[in-house]
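One structure is given below, encoded as structure tokens.
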Amino acid sequence: MTAVPLTHRYVIAARLKGYLGKHEESVALLTEALELEPDSPRLLRFRGHRRISISDYAGAIADLRAAADQLAGVEDEYEMYQPEVEKDVVSLILGRPEDVRPQHLSDTDAAANPEILGRYNTTLHASVWYHLGVAQYLAGDLEGCLPSFAESEKASRHQEGLVASQDWQYMALRRLGRTAEAEEVLDRFRTVDLVDEPHLVGYEGRMKLYTGEIGPDELWAMCDGNSLKTVTQGYGLGNWHYYNGDVDKAREVFDGVLKTRVTHAFAYLAVKAEYERNPDFATTSKEN
């Protein structure tokens, strides 16, 4: 039987716990793994992600900053896409380790096997920078998140990560009142050759709202009853109403986001952060 390295099994187990919504258990598993492989950028990346999910933004920033500081000397690698990870979980449970595919595919290996890249949907470097930016944004550091999202945008090789990095930059810049720089982000988005893929959760729609290609009602209709899309589209839409001066409409949309109870979604956490810290939503924070 082919052995699957222990730290790889830890990542698979931690990702499974995350898919099941057991984020604290995911963090605990990755903490165990880091005892075996201290300072691993890969393990820090995944633990940082799950720390965001439990609102431990300081811990997430510490993990992801430690990972980012090492990236210059680390070959980038592709990360397995969730549905593919689930297949490998089944293989491990059924005692078929020989069927478990590489969870992380280095650039060198990818160049030799380009036909298998469809199994992978993110890369280590882009994920580290993206999740660092998200943690900083959710912690209220709108200025500090901008360089992280810019690095994520540069490192992104997949549409979802690229557009999401642009979206968070745009929102942060608008909230900082730096409208001209926000428009430059939209100019970059306009050059993206968009492809509609089933797994996309809504950043493309949000960016189309910002450019004026679609209106707010059309964006909201695109949610089509999908809770994750409602959360993702909703935070962007509510934020758009907010920085365009309509606090009441923003509150209405944000309330809709919270009603989904998709508590692990970054957009859900962003609404919670608004209600906890933003004085414009002080009344709402007491009600939610």
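Using this note's numbering, you'd call the opening residue of the sequence shown number 12 and step up by one each time.
Just so you know, even glycine gets a beta-carbon here, dropped at the ideal spot from N, CA and C.
This structure is a prediction, so every number in the text was calculated from the model and none was measured.
Residues in the same chain with beta-carbon distance under 8 Å from residue i, minus the five sequence neighbours each way, listed in chain order, please.
{"i": "lysine 219", "result": "Ile225 and Leu230"}
{"i": "valine 196", "result": "Gln177, Gln180, Tyr181 and Leu184"}
{"i": "threonine 42", "result": "Arg58"}
Residue i lies in the beta strand (DSSP E); which residues open and close that run?
{"i": "serine 117", "result": "115-117"}
{"i": "threonine 133", "result": "131-134"}
To the nearest angstrom, how far is the alpha carbon of residue i from that of residue j?
{"i": "valine 282", "j": "tyrosine 30", "result": "21 Å"}
{"i": "alanine 175", "j": "tyrosine 214", "result": "6 Å"}
{"i": "serine 167", "j": "threonine 133", "result": "8 Å"}
{"i": "glutamate 46", "j": "cysteine 234", "result": "42 Å"}
{"i": "threonine 18", "j": "serine 37", "result": "13 Å"}
{"i": "valine 22", "j": "leucine 40", "result": "8 Å"}
{"i": "glutamate 208", "j": "histidine 169", "result": "11 Å"}
{"i": "glutamate 268", "j": "asparagine 289", "result": "A small fix is needed here, since residue 268 is valine in this sequence, not glutamate. Approximately 17 Å between the Cα atoms of the pair."}
{"i": "threonine 271", "j": "glycine 245", "result": "10 Å"}
{"i": "leucine 116", "j": "glutamate 90", "result": "7 Å"}
{"i": "tyrosine 221", "j": "leucine 103", "result": "44 Å"}
Within 10 Å of its beta-carbon, does residue i have 16 or more other beta-carbons around it, so buried, or fewer, so exposed?
{"i": "valine 264", "result": "buried"}
{"i": "glutamine 81", "result": "exposed"}
{"i": "glutamate 86", "result": "exposed"}
{"i": "threonine 243", "result": "buried"}
{"i": "proline 305", "result": "As shown, the chain starts at 12 and ends at 299. That puts residue 305 outside it, with no answer to give."}
{"i": "alanine 25", "result": "buried"}
{"i": "arginine 107", "result": "exposed"}
{"i": "arginine 56", "result": "buried"}
{"i": "threonine 119", "result": "exposed"}
{"i": "aspartate 110", "result": "exposed"}
{"i": "glutamate 126", "result": "exposed"}
{"i": "glutamine 93", "result": "exposed"}
{"i": "leucine 135", "result": "buried"}
{"i": "glutamate 88", "result": "buried"}
{"i": "methionine 12", "result": "With a pLDDT of only 40 at methionine 12, under the threshold of 50, the placement of this residue in the model should not be trusted; the figure read from the coordinates follows. Answer is exposed; the Cβ neighbour count stays below 16."}
{"i": "glutamate 164", "result": "buried"}
Once you ignore the five residues that flank residue i on each side, which residues in its own chain have a CB closer than 6 Å to its CB?
{"i": "alanine 261", "result": "Gly249, His252 and Tyr253"}
{"i": "valine 258", "result": "Asp291"}
{"i": "alanine 71", "result": "Gly59, Arg62, Ile63 and Ala146"}
{"i": "glutamate 95", "result": "Arg130"}
{"i": "phenylalanine 160", "result": "Gly144, Ser176, Trp179 and Gln180"}
{"i": "glycine 247", "result": "Arg217"}
{"i": "histidine 142", "result": "Gly59, His60 and Leu75"}
What did DSSP end up calling residue i once you bin it into helix, strand or coil?
{"i": "methionine 91", "result": "strand"}
{"i": "valine 139", "result": "helix"}
{"i": "proline 16", "result": "coil"}
{"i": "serine 64", "result": "helix"}
{"i": "serine 159", "result": "helix"}
{"i": "histidine 34", "result": "helix"}
{"i": "proline 227", "result": "helix"}
{"i": "aspartate 99", "result": "helix"}
{"i": "leucine 205", "result": "coil"}
{"i": "glutamine 81", "result": "coil"}
{"i": "proline 49", "result": "coil"}
{"i": "alanine 150", "result": "coil"}
{"i": "leucine 105", "result": "coil"}
{"i": "arginine 112", "result": "coil"}
{"i": "valine 273", "result": "coil"}
{"i": "aspartate 235", "result": "coil"}
What residue does the alpha helix (DSSP H) around residue i start on, and which one ends it?
{"i": "glycine 216", "result": "214-222"}
{"i": "arginine 262", "result": "258-270"}
{"i": "threonine 243", "result": "238-254"}
{"i": "aspartate 178", "result": "170-186"}
{"i": "leucine 280", "result": "277-288"}
Residues in the same chain with beta-carbon distance under 7 Å from residue i, minus the five sequence neighbours each way, listed in chain order, please.
{"i": "glutamate 192", "result": "Leu184"}
{"i": "serine 296", "result": "Confidence at serine 296 is low in this model, with a pLDDT of 47, below 50, so its placement is unreliable and the value that follows should be read with caution. Same-chain partners within the cutoff: Tyr286 and Glu287."}
{"i": "valine 273", "result": "Ser238, Leu239, Val242 and Tyr279"}
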